[in-house]
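Numbering-wise (UniProt numbering), the first sequence opens with residue 1 and increments by one.
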Amino acid sequence: MVTIHDLTPVSEFEWEIPADARKGMRVGVRLFATRRLLEAVLKDNAVQQAVNAASLPGLAGPVVVMPDMHQGYGFPIGGVAATALPDGVISPGGIGYDINCGVRLMASAVPLEAAQPYLERLVTALDQHCPSGVGTAGSLRLSDADLEKVCRLGAGWAQQRGWATEMDLRRCEDGGCLPEADPASVSPRARERGRTQLGTLGAGNHFIEVGVVEDVYDLEAAQAMGLEPGCLTLMIHCGSRGFGHQICTDAVQSLQGAVRRYGISIPDRELVCAPLDSPEGRAYLGAMRSAANYAFANRQILAHQARLAFEAALAGVVRNFHLHLVYDITHNIAKLETHTLNGRAQRVCVHRKGATRAFGPGSPDLPPEYAHTGQPVLVPGSMGTGSWVLAGTAESMERSYASSCHGAGRVFSRSQAKREIRGEALLRALEKQGIQVRAGSMGGLAEEAPQAYKDVDEVVRTVCGAGITRKVARLRPVAVVKG
DNA sequence: ATGTCC
């Protein structure tokens, strides 16, 4: 068991566990957290899981953990690990079940005051245009050929259908498409689940939130992103639905064999993995990229549906209701990137699980309009508490494999939240705050209660205090759609 | 997160 005494403070916002702290560790662990956040997470298994992850073969540097960390499958949510050839592995636990779960932020020039009388109509329209809930099918029924195209093209598939602009794609991480997806490595069962779910939101912590730009901390960056104080925004949080879930399930099963065949020693069977250049590792990478592209297409289609909902609710009564894409990020993914480690540029496989890429200014992977601001980093808070727009920094390139936090992060489990919180009472409390809510189930709402999450403002204070991102703007929620 | 157990 890891206690606060195993952690060496580096600053108010950063801690270290040295590589020789525990048997089996190959690298150290670097944690970004305040003492208060750390004490909360030491009650669950997240830090121990980071220590376990530090024993994976072929790590190129320390395992990094973000302040919104909490316990996940094998590997902590909020964790970042970089592995390198020749010994490096890929581990599905380091990515998560919801492959390319991510966040898309859109913004408008509609002042809240102008839209206020139509908010109820707007949230109803969003609820009708964006199907949500566990197991929910959308209106699309993909043929085998179309599903393969979605796997290969990502958001580009939506563009072919007329549901995305060139600017939409440019403002997605990786242009909304990871190269070298291999749909042939996707099981028939995953394909069957994926066929009907494109263009759906899902459940759990997935949501669509209408917000208003409340506070601006970096005027130049906010202007570059088209974030106008007092105007409406729309945030979509969702992933690859049953398709990605099945791909992860299949990989966790099949990589158990790889661990045996390659004689890999792991401290927790949930850390199953395979060498990056093995047939098993390559097959998972190809399937994972297929799920990632499915999720990019999913968020793009939901964005198109949200634009139709804005039109349905606001056309004729509010001017300039167009929603432009600010950015689309993924926070559950592994990607091949070049990072400078120990003074030398290295090609590494960066696993980010509940962590957001945060490229600094001047990165060649950013669209030109963000060359000076750095990558937009989108941080949804817990329901009703506000969300943040941050930007990547040069510091993140050096300290965290160009990564930052992804949200508030749980402090207690879904089951505990369900036991302790009444969905109906929460709904009334949110409405009292002036937040319109459309929720598929009261139990599901209770699971996502703000009391079950850490304080997103403290999480953001930590990553900005540590210098791995900087504040751009804070968004206040005015309406939310949940599965 | 998830057709929350094929």
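Note that beta-carbon positions come from the ideal geometry of N, C-alpha and C, so glycine has one too.
Alpha carbons only, please: which of the options is nearest the one belonging to residue i?
i, options, result
"Leu276", "His351, Leu126 and His206", "His351"
"Ile95", "Ser185, Tyr284 and Ala158", "Tyr284"
"Ser396", "Pro380, Arg141, Gly434 and Thr462", "Thr462"
"Leu271", "Glu173, Asp215, Gln49 and Ser132", "Gln49"
"Asn100", "His237, Asp168, Thr469 and Gly443", "His237"
"Gly407", "His129, Gly434 and His70", "His70"
"Pro367", "Asp328, Asn293 and Pro267", "Asp328"
"Ala181", "Ala417, Asn293 and Ser254", "Asn293"
"Leu122", "Ala309, Gly381 and Cys172", "Ala309"
"Arg476", "Leu85, Leu112, His331 and Thr469", "Leu112"
"Arg289", "Arg22, Val64 and Pro92", "Pro92"
"Ala291", "His372, Leu323 and Leu198", "Leu198"
"Phe119", "Arg470, Tyr453, Val437 and Met442", "The residue asked about is misnamed: residue 119 is Leu in this sequence, not Phe. Of the candidates Arg470, Tyr453, Val437 and Met442, the one whose C-alpha sits nearest the C-alpha of Leu119 is Val437."
"Ala306", "Ser11, Ala54 and Leu105", "Leu105"
"Gly24", "Arg152, Val51 and Glu458", "Val51"
"Thr330", "His322, Arg299, Thr340 and Arg419", "Arg299"
"Ala391", "Gly61, Gly133, Ala60 and Ala222", "Ala222"
"Leu445", "Lys454, Ile421 and Cys464", "Ile421"
"Glu311", "Ile17, Met66, Ala60 and Val110", "Val110"
"Leu341", "Pro9, Ala33, Leu59 and Ile17", "Leu59"
"Glu337", "Val348, Gln116 and Pro376", "Val348"
"Glu166", "His324, Glu209 and Cys151", "His324"
Please report how far the alpha carbon of residue i lies from the alpha carbon of residue j, in whole angstroms.
i, j, result
"Asn320", "Leu314", "9 Å"
"Phe412", "Gln160", "43 Å"
"Ala155", "Leu31", "34 Å"
"Asp144", "Gly78", "35 Å"
"Ala466", "Arg282", "35 Å"
"Ala21", "Ala479", "47 Å"
"Thr373", "Gly360", "8 Å"
"Gly175", "His5", "44 Å"
"Ala40", "Ala449", "17 Å"
"Gly102", "Asn332", "7 Å"
"Phe13", "Glu424", "37 Å"
"Ala251", "Ser11", "39 Å"
"Asp127", "Ser139", "14 Å"
"Arg171", "Gly263", "42 Å"
"Ser55", "Asn205", "30 Å"
"Leu38", "Ala334", "26 Å"
"Gly230", "Ala303", "21 Å"
"Gly316", "Gly440", "30 Å"
Name the two residues that bound the continuous beta strand (DSSP E) containing residue i.
i, result
"Ile333", "Asn332 to Leu341"
"His237", "Cys231 to Cys238"
"Ala439", "Gln436 to Ala439"
"Val389", "Ser387 to Gly392"
"Val64", "Val63 to His70"
"Leu219", "From DSSP, Leu219 is part of no beta strand (DSSP E) but of the alpha helix (DSSP H) over Leu219 to Ala224."
"Val377", "Pro376 to Val379"
If you drop the 5 nearest sequence neighbours on each side, which residues of the same chain put their C-beta closer than 8 Å to that of residue i?
i, result
"Leu227", "Ala107, Val213, Val216, Thr233, Val326, Val389, Val472 and Ala473"
"Ile435", "Gly384, Pro477, Val478, Ala479 and Val480"
"Ala224", "Glu369, Tyr370, His372 and Thr373"
"Gly211", "Leu232, Thr233, Leu234, Met235, Gly386, Ser387, Leu475, Arg476, Pro477 and Val478"
So if DSSP puts residue i in a beta bridge, which residue, or which two residues, is it bridged to?
i, result
"Ala81", "His351"
"Tyr453", "Arg410"
"Phe32", "Glu14"
"Pro477", "Gly211"
"Tyr327", "Leu105"
"Cys172", "Asp328"
"Leu59", "Thr83"
"Lys471", "Leu390"
"Pro76", "Answer is none; Pro76 lacks a bridge partner."
"Gln346", "His339"
CB-CB under 6 Å to residue i, same chain, minus the five flanking residues each way: which ones, in chain order?
i, result
"Tyr97", "His245 and Cys248"
"Ser240", "Ile99, Asn100, Ala291, Tyr294 and Ala295"
"Ala19", "Met25, Val27 and Gly28"
"Val80", "Val64, Arg352, Ala355, Tyr401 and Ser403"
"Glu447", "Arg414, Ala417 and Lys418"
"Val47", "Val2"
"Thr136", "Thr200"
At what residues does the alpha helix (DSSP H) containing residue i begin and finish?
i, result
"Pro188", "Pro188 to Gly194"
"Leu308", "Pro279 to Leu314"
"Leu427", "Gly423 to Lys432"
"Asp144", "Asp144 to Leu153"
"Asp250", "Arg241 to Arg261"
"Arg121", "Leu119 to His129"
"Gly444", "Met442 to Glu447"
"Gln48", "Ala46 to Ala53"
Does at least one heavy atom of the ligand GTP sit under 7 Å from the Cβ of residue i?
i, result
"Arg399", "Ligands in the displayed structure: none, and consequently the ligand GTP is not present."
For residue i, which residues of its own chain have a beta-carbon under 7 Å away from its beta-carbon, when the five flanking residues on both sides are left out?
i, result
"Arg195", "Arg141, Leu142 and Leu147"
"Ile301", "Ala158, Trp163, Leu198 and Gly199"
"Ser254", "Glu280"
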